[in-house]
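For reference, the structure discussed in these notes is given below.
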Amino acid sequence: MGGGVHALMRRKQVDSERAHAAGAHQLRKELSITQLVAIELASRCPSAGSAYHYSYICVGEGVAWLIGWALILEYTIGGSAVARGISPNLALFFGGPDSLPWILARHELPWLDVVVDPCAAFLVFVVTGLVPYFAMDPDTPISSAFARHGMHWAMYVVTTGAVLALCSTLMGSILPQPRILMAMARDGLLPSFFCDVNKKTQVPVKSTIVTGICAATLAFFMDVSQLAGMVSVGTLLAFTIVAVSILILRYVPPDEVPLPSSLQASFRLSQENDEEKVTGSLGDEDHGQGASEINDVIVVESIKDPLIEKHLYASKLDEAKRRKTAACSIASVCAGVLVLTSSASATFLPFLVQCFICVFGGLLLLTGLGVLCWIDQDDGRHSFGHSGGFICPLVPLLPVMCILINTYLLINLGGGTWMRVGVWLVMGVFVYIFYGRTHSSLTDVVYVPVAQANEIYEHSSSSFVA
1 MGGGVHALMR RKQVDSERAH AAGAHQLRKE LSITQLVAIE LASRCPSAGS AYHYSYICVG
61 EGVAWLIGWA LILEYTIGGS AVARGISPNL ALFFGGPDSL PWILARHELP WLDVVVDPCA
121 AFLVFVVTGL VPYFAMDPDT PISSAFARHG MHWAMYVVTT GAVLALCSTL MGSILPQPRI
181 LMAMARDGLL PSFFCDVNKK TQVPVKSTIV TGICAATLAF FMDVSQLAGM VSVGTLLAFT
241 IVAVSILILR YVPPDEVPLP SSLQASFRLS QENDEEKVTG SLGDEDHGQG ASEINDVIVV
301 ESIKDPLIEK HLYASKLDEA KRRKTAACSI ASVCAGVLVL TSSASATFLP FLVQCFICVF
361 GGLLLLTGLG VLCWIDQDDG RHSFGHSGGF ICPLVPLLPV MCILINTYLL INLGGGTWMR
421 VGVWLVMGVF VYIFYGRTHS SLTDVVYVPV AQANEIYEHS SSSFVA
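Take full-length UniProt numbering: the final residue in the sequence shown is number 466, and no numbers are missing along the way.
Shown next, in the form of C-alpha cells:
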C-alpha cells in the first residue's frame, strides 16, 4: 500500500533546466493574455509543453497519468468531432476559394490584442435575417440558409471556406496526440512502441497511424454533440491542474529532485567522500571512538557560534512550517471549490441544505485563499526550472479563479458525458496499475535535495570535460 502511494507521488525533474531555451523571448511576445496561467509553467518547464508534463513535475505521477490519459481522449475526440463536421459541408461543396475585400477581411487591433472579423459579423447578421435560429440546420447553418433562398454562389463560397478551415483544425487536433503518447512512453508509462520516431521523417509514425485510426472510428460511430462534451472534460481537467501546479510552484515547489541511475554512482561516491573527510579530521584513532568524537565536533562548533546555530535552526523550522501551511491551504482551496461547485449544481437538494453546503465550501475556499495571500511565497520559485521567464500576475487569485470556474464547468457537463469519460478513466487506472506503475522511468531513482543535485551535475560535467 505504501509503495503504491509513493508511486503516485513520484515527481520528475525539469528535463532541460540546465540548457538555455533559445527563442524564449520571442515565445513570450507571441503568447496572448488568455494564457496567463499556463505561460509561467511553459517558460519554466519547456520540454514537453503540456499539462501532463507540468503536473508530473509539480504534483506527481498519479495525477500526471490521469491528465495524460484525459488528454489522449481529448485530442482523439477533438479530431473526431472536427471530422464529423467536414462531411455535411462536403455534401454542399462545389465551388472554389474566394478573396474578400479589405472591408470584410480580418484585422488586428494591437492596442487591444484582439482580431476583429467583419466578415463573420456580416454573415451572422445576414443569416439571422434569412432563417430563424430555431430553423437552422445544426450541421451546416450558414450554407443551408443561403441555399434556401437560392443564393447558391454564397453557399459554395461558405462551404469551401468551412471545409478548408475544418481540415486545418483537424490537423491541429490530430498532430498533438502522438506527441502526448510519445512523452508518456518516454517516461515509461506507456509501451515504447509509441515513442518510436522514424529516422527519415523524425516523426512518431506508428503512434500517428494508431491515433488516426481511433479518431476515424469514433467519427464514424458518434455524433458531434456526444463528442464535444467528451473533449471538454480533457480540456477543463488540463486547465485545472495547470492552475493547481502554479500554486504548488509558487508556494511549495519540489525541494528534492530525482537523480538518474547514471549519476547515482556519483551520488554514492560523494557520500563516501564526505564520510571519509569527517573521519579523517578526527585523526588516526580507533573507529570505536569515531561516532562520539563526531558528536563532540558538532557540539563544539555549535558552542563556538550558538547564535548562528540557533538562527539557522529557527529559519529551517519556520520554512518547514510555512510549507506545511501553504500545502494545507492549497488543499483547502481545492476541497472548498469542489464542495461549493458540487452543492451549487445539486438542484435536487432542499434549498436550506444546499445553502448550508455552499456556505461551508465557500468558507473553505476563502480561508485557503486568505492564508495563501497572507503567507510568503517560496524563495525557491525563482530558481526552479528555467529562471527569468514569464511570471504569472495576481497569484494566488488568478489560479484560484481558474480552478473554480473550470471545476464548475466540469461538474455541469452532464451525466451521459461523465459516464462515457468514466469508462475511459477506469481503463486508464488499470493500465497504470498493471503497466505504468512498474515500468515508470522513476521506479529506481534516488531523490536528493536540489542543491546537492546541482553539485552532482556540475561534478559530472566537469569530469566529462576533463
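For glycine and all other residues, C-beta sits at the position ideal for the given N, C-alpha and C. The structure presented is a predicted model; accordingly, all values stated were derived computationally and were not measured.
Query: For PHE193, the nearest candidate out of LEU317, PRO178, MET151 (CA to CA); Result: PRO178
Query: C-beta atoms of ARG437 and ALA7 nearer than 7 Å; Result: yes
Query: Identified DSSP bridge partners for residue 471; Result: No statement about residue 471 is possible, as the shown extent of the chain runs from 1 to 466 and does not include it.
Query: 7 Å CB neighbourhood of THR407 in its chain, flanking five on each side removed; Result: THR240, VAL337, LEU338, THR341
Query: Distance, ASP137 Cα to SER144 Cα; Result: 7 Å
Query: Own chain, CB closer than 7 Å to ILE67, minus 5 neighbours either side, in chain order; Result: ALA51, TYR52, SER55, LEU237, ALA238, ILE241
Query: Where ILE57 falls, given that 16 or more other Cβ within 10 Å makes a residue buried; Result: buried
Query: Three-state class that DSSP yields for ASP318 in the structure shown; Result: helix
Query: Residue of THR443, SER343, VAL231 minimising C-alpha distance to PHE356; Result: SER343
Query: Local Cβ density within 10 Å of VAL158, reported as buried at 16 or more and exposed below that; Result: buried
Query: Residue interval of the alpha helix (DSSP H) (run including PRO176); Result: 176 to 186
Query: Extent of the continuous alpha helix (DSSP H) to which ARG148 belongs; Result: 141 to 148
Query: Extent of the continuous alpha helix (DSSP H) to which ASN406 belongs; Result: 397 to 411
Query: Span of the alpha helix (DSSP H), counted from its first residue to its last, around MET419; Result: 415 to 431
Query: Alpha-carbon to alpha-carbon, CYS373 and PHE360; Result: 20 Å
Query: Own chain partners of THR208 with C-beta closer than 6 Å, once the 5 adjacent residues on each side are dropped; Result: PRO178
Query: Residue 467, buried or exposed, once every other Cβ within 10 Å from all chains shown has been counted against 16; Result: The structure shown does not extend to residue 467, since the chain spans only 1 to 466, so no value can be given for it.
Query: Cβ-based neighbour list, SER332, same chain, cut-off 8 Å, excluding 5 preceding and 5 following; Result: LEU364, LEU365, THR367, GLY368, VAL371
Query: Same chain, Cβ closer than 7 Å to ASN346, five either side skipped, listed in chain order; Result: With the sequence shown as reference, residue 346 is identified as Ala, and Asn is not the correct amino acid for it. The residues are GLN354.
Query: Through-space distance from LEU71 to PRO176, alpha-carbon basis; Result: 10 Å
Query: SER173 vs LEU41 beta-carbon contact at 7 Å; Result: no
Query: For MET230, the three-state DSSP class (helix, strand or coil); Result: helix
Query: Residue 474 versus LYS206: straight-line alpha-carbon distance, rounded; Result: Coverage of the chain is limited to positions 1 through 466, which leaves residue 474 absent and any answer about it impossible.
Query: Same chain, Cβ closer than 8 Å to LYS304, neighbours up to 5 away in sequence not counted; Result: Because the pLDDT of LYS304 is 48, which lies under 50, any placement of that residue in the model is unreliable, and the number read from its coordinates should be weighed accordingly. If we look at LYS304 and ignore the five residues flanking it on each side, it has no Cβ neighbours.
Query: Selected residue, minimal CA-CA separation from LEU190, among GLY428, THR217, GLU455, ASP444; Result: GLY428
Query: Selected residue, minimal CA-CA separation from MET9, among CYS45, GLY60, ALA320; Result: GLY60
Query: MET9 - DSSP class collapsed to helix/strand/coil; Result: coil
Query: Assigned exposure category for THR140 - 16 Cβ within 10 Å defines buried; Result: buried
Query: LEU363, enclosing alpha helix (DSSP H) - first and last residue; Result: 351 to 374
Query: N-terminal and C-terminal residue of the alpha helix (DSSP H) that THR208 is part of; Result: 205 to 221
Query: First and last residue of the uninterrupted alpha helix (DSSP H) at ALA51; Result: 51 to 58
Query: Within 7 Å, strictly: CB atoms of ALA228 and ALA83; Result: no
Query: Three-state secondary structure (DSSP) of PHE434; Result: helix
Query: Neighbourhood of SER441 by C-beta, 7 Å cutoff - its chain only, sequence neighbours within 5 removed; Result: ASP187, GLY188
Query: VAL252, buried or exposed, once every other Cβ within 10 Å from all chains shown has been counted against 16; Result: buried
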